[in-house]
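Worksheet: the structure to be examined is printed underneath.
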Amino acid sequence: MLHGIRLEYFLILATLMFFVGVYGFLTRKNLITMLMSIELILNAVNINFVAFNKFLFPDKLEGHFFALIVIAVAAAEAAVAIAIIINIYRHFSNINVENVDEMKY
Amino acid sequence: MGDFNFSYCVWIPLIPLFSFLILGLFGNKFKEKLTGILGTLALGIIFALSLYTAYEYFFVHGLVNGTYQKIIAINVTWLQFTDKLHINMGVLLDPISVMMLVVVTTVSFMVHLYSIGYMKGERGVERYFAFLSLFTFSMLGLVIATNIFQMYIFWELVGVSSYLLIGFYYQKPSAVAASKKAFIVTRFADLGFLIGILILSFITGTFDFITLTDPAGEAIHRGAEIGFMGMSVMTWAMLLIFMGGAGKSAMFPLHIWLPDAMEGPTPVSALIHAATMVVAGVYLVARLFPIFHFSAQPALNIIAYVGGFTSLFAAVIACTQLDIKRVLAFSTLSQIGYMMLALGVSGYGSHDGLGFMASNFHLFTHAMFKALLFLGAGAIIHAVHSNYMNEMGGLRKHLPITHATFLIACLTIAGLYPLSGFFSKDEILAAAFHKDKLLFAVEYCVAGLTAFYMFRLYFVVFWGKDTQYHHKPHEAPFTMTIPLMFLAIASVFAGFIPFSELVTSDSIPFEGEIDWMIAIPSIAVGLLGILIAMIMYRKENNYPARMAATLKYLYRWSFNKFYIDEIYLFITKKIIFRYIARPVAWFDRHMVDGTMNGIAGMTNVISFRIRGLQSGQLQKYGFVFITGALALALVFIYLWTK
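In order, the protein sequence lines correspond to chains A and B. Counting from 0, one number per residue, gives the positions in the first sequence under numbering that gives the first Met the number 0. Counting from 0, one number per residue, gives the positions in the second sequence under numbering that gives the first Met the number 0.
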């Protein structure tokens, strides 16, 4: 299925996804959207893992497993992040990131 | 000796130390009376031990082949710096230390007993007795020191306990000021003492007294050839050490702390500022006497003249003071001056060492009669609630025991035969006569003045006008009168102790005799002084006022203690504070502190400027982080491709 698609294309896709995620993380004010941007960044990394594993070490599986670990960690992180966001919502009645600036000076 | 073991002597200083710790730590849990009894009991034990030691030493085991041995009863290494440099703690027994053991424990025991009555009902009695025990411990440690460094340590400890006891009434500003004054003046003198010790031990390579003072040893003759500003280094070292002794013994011009120290409770004045601590300087000089004699003769001459001058100077002041404790304080100065003078004019060995013997003899008798005088003054103050003798008079009817013992003490200090003061003073006069006629003449005047001012005090307080008191003065309780009577007996009979066969400069006994050619005129001078005092003060009359008017300037100068305090104040406040301390303080505040404040201020300003970066905005942090990461990535790519 993947025969014929070159490694570069996977890398280009991952890079685009990564920077879309970074852009979203830096510009969106909504905490949920920022969380989604982080997911994009993580998944861009997953693509890189799988692609490099497939093209450079076809008879090994470390890249695949690493991708699985990242997915698991991302799920856990999402759970924690959403719990925090719910508390922020209770406190400020919105989830704008600019309100969360207690830790200054 | 040989077979007898003196090592039990270590308990003599240790028992007061324990009593200090117990009273100091748990004293507030005891009843007031119990603290006094505990302290007195501890002192009673060591008093008995000291008497036993003195008996064993002087009459049984000390004398071997006609010489009193120097016995090291116990000696442990306390601080080991290197193989050669170590500081020991131990017990050294020789005639002067055994004599001092007896003096210190006797007076201290009497003062403890007396204090039970005197301090009754005061606040902080347990603190008082704890400090008294601490003082006794320190003084005994000083007396039995085997080396000069141990002596120095205990020397400072007595200074501290004296400071604590002078400031016992810490709610009284004058007492606090007096305690600080005493501490600072003696500390200043001790600086000289410490430098002297360092020079001395540097030259001789030892701290140990026996090695240092062995006339046949080599340590004593070292450093004599190294000159510095016209005198040998040894002389300088001994002069500096004497400076420490002069501070503690309140010799002119370091005497200013002693009259003020009378702010402490009267028994403390009796113990510390009359009988024991203030003679530590005399003891120090006596302890190092062979060094003074063989390699620092100029220092010894200076000691003689300082002692002589102080005795005259203090006696003149004592004639005009009104506070009875201050009269006694100046009298103490004068008598210690006598002792210093006697050491200063002394030679070494048998009859030449008469001054040495006389000095220690006078130290012994003076401790007894001066403690008696102070305790008597305490009983008077206790009865009248005033220190000023112009508020007293006619007390002989109210205080019969105090009156009798006080009279004995006055007769003793005036040097009448056969009381103890006569014998010791006569030996000092004889010693001075053989060495220096000028000092001899001065001491004759002082003998007359002493008799005069003591009997002025006696007549004004016990005779004189009949004063109306607010409430009738009452005789002191028996805990106070027993020490008075004991010390009175000691004052009367101490003169019959054959000191020349016990305490001598080279530890070899010699036959002492009274030189009647000197003694009879000295009794006459004493009687003259008493007579003048009797005419002037026995009944109220206008002689004293007329006398004061005739000797207007002398009277005023003497009354104001020759303005020495004012001179000190002038020098410190007007010169040292203004021209030295103030520029130094300015430098400290503006230069040293300024540098530090500048650094701190700069940090402060910069951090205020840049704290806006810590905005708390997550996305700003993220932006900075990613920009940094990208920049680093670019740098690495650039380096990698090159």
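Ideal placement from N, C-alpha and C gives every residue a C-beta, glycine not left out. Note that the structure is a prediction, hence the values are computed from the model and not measured.
- The segment 317 to 333 of chain B makes no contact with the segment 473 to 481 of chain B, as fewer than three CB pairs between them are under 8 Å.
- Look at the beta carbons and you see the segment 124 to 135 of chain B not touching the segment 179 to 197 of chain B: under three pairs across the two are nearer than 8 Å.
- The segment 237 to 246 of chain B and the segment 287 to 299 of chain B touch, with no fewer than 3 CB-CB distances between them shorter than 8 Å.
- Residues of chain A with a Cβ closer than 7 Å to the Cβ of Phe635/B do not exist; the shortest Cβ-Cβ separation is about 17 Å.
- Listed along chain A are Val21, Phe24 and Leu25, each with a C-beta nearer than 9 Å to that of Ile625/B.
- In this structure, Met138/B lies away from Val110/B, with their beta-carbon atoms at least 8 Å apart.
- Think of a sphere of 9 Å around the beta carbon of Gln616/B: the chain A residues whose beta carbon falls inside it are Val96, Glu97, Val99, Asp100 and Lys103, in chain order.
- Against chain A, the CB of Phe622/B has a partner CB under 8 Å away; the residue lies at that interface.
- Note on geometry: alpha-carbon atoms of Val44/A and Trp639/B lie some 23 Å from one another.
- Burial is judged here by how many other beta carbons sit within 10 angstroms of a residue's own beta carbon; Asn541/B has fewer than 16 and is exposed.
- By the CB criterion at 8 Å, Asn389/B and Ile380/B fall outside the cutoff.
- For Trp462/B, the three-state secondary structure derived from DSSP is coil.
- Nearest Cα to Ile202/B within the set Arg221/B, Leu631/B and Glu262/B: Arg221/B.
- DSSP places Met230/B within a strand segment (E or B) once states are collapsed to three.
- Taking the C-beta atoms as reference points, Ile94/A is found nearer than 8 Å to Ile31/A.
- Judged by DSSP secondary structure, Asn359/B falls within the alpha helix (DSSP H) whose first and last residues are Leu353 to Val383.
- Check the Cα spacing between Ile86/B and each of Thr105/B, Lys69/B, Asn27/B and Ile152/B: the tightest is with Ile152/B.
- When DSSP states are grouped into helix, strand and coil, Leu617/B belongs to the helix group.
- Under a 10 Å Cβ-count criterion, Ala215/B is classified as exposed, with fewer than 16 other Cβ atoms of the shown protein chains found around its own Cβ.
- Counting along the chain, Ala72/B sits inside the beta strand (DSSP E) bounded by residues Ile70 to Gln79.
- Distance from the CA of Val59/B to the CA of Gly354/B, rounded to the nearest whole angstrom, comes to 26 Å.
- In this structure, Val278/B and Ile196/B do not form a Cβ contact; the two beta carbons are roughly 20 Å apart against a cut-off of 8 Å.
- Beta-bridge analysis with DSSP links Tyr387/B to Asp322/B.
- Secondary structure within the segment 245 to 276 of chain B: the alpha helix (DSSP H) runs of 4 or more consecutive residues, fully enclosed, are 256 to 259 and 265 to 269 (chain order).
- Taking C-beta atoms as the reference points, Phe48/A and Ser36/A fail to come closer than 8 Å.
- His85/B is bridged by DSSP to Gln79/B.
- With a 10 Å radius around the Cβ and a threshold of 16 neighbouring Cβ atoms, His365/B comes out buried.
- The DSSP assignment places complete alpha helix (DSSP H) segments of no fewer than 4 residues inside the segment 421 to 484 of chain B at 436 to 461, in order along the chain.
- Only residues of its own chain outside the window of five on either side were considered, and among them Ala475, Pro476, Thr478 and Met479 have a CB closer than 7 Å to the CB of Gly116/B, listed in chain order.
- In this structure Ala273/B is not in contact with Thr309/B, their Cβ atoms being roughly 15 Å apart against a cut-off of 8 Å.
- Judged by pairs of C-beta atoms under 8 Å, the segment 276 to 293 of chain B touches the segment 346 to 360 of chain B, as three or more such pairs exist.
- Per DSSP, the unbroken alpha helix (DSSP H) holding His63/A starts and ends at Glu61 to Phe91.
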